[in-house]
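Visitor: Protein sequences appear in the order of chains A and B. Residue numbering for the first sequence follows the numbering used here, starting at 1 and increasing by one per position. Residue numbering for the second sequence follows the numbering used here, starting at 1001 and increasing by one per position. Glycine residues also receive a C-beta, built at the ideal position from the N, C-alpha and C atoms. Small disclaimer: the values here were computed from a predicted structure and weren't measured. There's a structure below that I have some questions on.
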Amino acid sequence: QQQVKQSPQSLIVQKGGISIINCAYENTAFDYFPWYQQFPGKGPALLIAIRPDVSEKKEGRFTISFNKSAKQFSLHIMDSQPGDSATYFCAASMGSNYQLIWGAGTKLIIKP
Amino acid sequence: EPEVTQTPSHQVTQMGQEVILRCVPISNHLYFYWYRQILGQKVEFLVSFYNNEISEKSEIFDDQFSVERPDGSNFTLKIRSTKLEDSAMYFCASQLRVGRTGELFFGEGSRLTVL
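And the structure:
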């Protein structure tokens, strides 16, 4: 119940295309869903996050879509660029609970 | 831009040795964390620390692990007797506050290799 399942494990997208990464969770007590971006040799950095009271959040080319009934959320990267090539992690946490539960990560490669 | 700094960037140690990983969180942050990432695997929570005490810890954080904030700026993770399976990248993170706007800021990590 504490797991967050992320797919795909790896993804190759042409420059200018849309990259889509999906996550699913079981625990309905989760109320915070961030996405982290990690470049090789660096720590994860918060990209965008959503709460379950909204179905979509957009920041620039990055959009989170959230489906509360299906217990799924996804990251869409529009107009994908080579600089977006990184590993992306979804995560979830519960209210004041400090622990982030992480997905397994998706290695995204944007081909020029 | 303020950042979380970690030292060393890479440490190689023999099995059974003690290791201390150091972190300097962002100065006005109140909540501190250690996570680890075994190569190619997911990031795993180890421990959170607030107000000079552990607020939460995972099953991974057994008696071999300890954390300390000895001087108000450094935040350390000690592994008393390292095992081969402790080989991982260890990330420190800090947070100004928990709740709706509490973004976690991560350091670049300390790679621990246990031989």
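#1: Can you name the start and end residues of the beta strand (DSSP E) that E1110(B) belongs to?
#2: Taking 8 Å as the CB-CB limit, is L46(A) close to chain B?
#3: Assuming S1094(B) is part of the beta strand (DSSP E), what are its boundary residues?
#4: Once DSSP output is grouped into helix, strand and coil, what is the label at P1002(B)?
#5: Run down chain B in chain order and give the residues with a C-beta less than 9 Å from the C-beta of G124(A).
#6: Between W1116(B) and V4(A), what straight-line distance do the alpha-carbon atoms span, to the nearest angstrom?
#7: Beta-carbon separation of M78(A) and R51(A) under 8 Å?
#8: Put L1021(B) into one of helix, strand or coil per three-state DSSP.
#9: In chain order, what residues of the same chain lie with their CB nearer than 8 Å to the CB of Q1011(B), ignoring the 5 residues before and after it?
#10: Do Q99(A) and S1058(B) have their CB atoms nearer than 8 Å?
#11: Considering only their Cβ atoms, is the gap separating T87(A) from Q9(A) smaller than 8 Å?
#12: Tell me whether L1084(B) sits in a helix, a strand or coil according to DSSP, three-state version.
#13: Given a limit of 9 Å on CB to CB distance, which residues of the region 1019–1052 of chain B reach chain A?
#14: Near P1002(B), which residues of its chain fall below 6 Å by C-beta distance, leaving aside the five closest residues on each side in sequence?
#15: Less than 8 Å between the C-beta atoms of V1043(B) and P40(A), yes or no?
#16: Please work out which residues of its chain come closer than 8 Å, Cβ to Cβ, to R1097(B), disregarding the five sequence neighbours upstream and downstream, and give them in chain order.
#17: With 16 as the cutoff for other CB atoms within 10 Å, does Q1014(B) come out buried or exposed?
#18: With C-beta atoms as the reference, is W102(A) less than 8 Å away from I64(A)?
#19: Following the continuous beta strand (DSSP E) through F89(A), name the residue where it begins and the one where it ends.
#20: By Cβ distance below 6 Å, which residues in the same chain neighbour A49(A) in space, the five residues on each side in sequence not counted?
Guide: Looking at the atomic coordinates:
#1: Note on identity: in this sequence residue 1110(B) is Ser, with Glu being the wrong assignment. For S1110(B), the enclosing beta strand (DSSP E) stretches over residues 1110–1114.
#2: yes
#3: It spans 1088–1095 - the beta strand (DSSP E) in which S1094(B) sits, taken as one unbroken run.
#4: Note: P1002(B) maps to coil in three-state DSSP.
#5: Residue 124(A) lies beyond the residue range present for chain A, which begins at 1 and ends at 112; the question has no answer from this structure.
#6: Past the edges of chain B, shown from 1001 to 1115, lies residue 1116(B), and the structure says nothing about it.
#7: No, Cβ-Cβ distance for M78(A) and R51(A) is not below 8 Å.
#8: strand
#9: The beta carbon of Q1011(B) sits closer than 8 Å to the beta carbons of V1019, L1021, S1110, R1111, L1112, T1113 from its chain, once the five residues preceding and following it are set aside; these are given in chain order.
#10: yes
#11: no
#12: helix
#13: Y1031, Y1033, Y1035, Q1037, G1040, Q1041, K1042, V1043, E1044, F1045, S1048, Y1050
#14: I1026
#15: no
#16: L1030, Y1031
#17: exposed
#18: Contact check for W102(A) against I64(A) fails: the beta carbons are separated by 8 Å or more.
#19: Note, F89(A): beta strand (DSSP E), 86–92.
#20: P34
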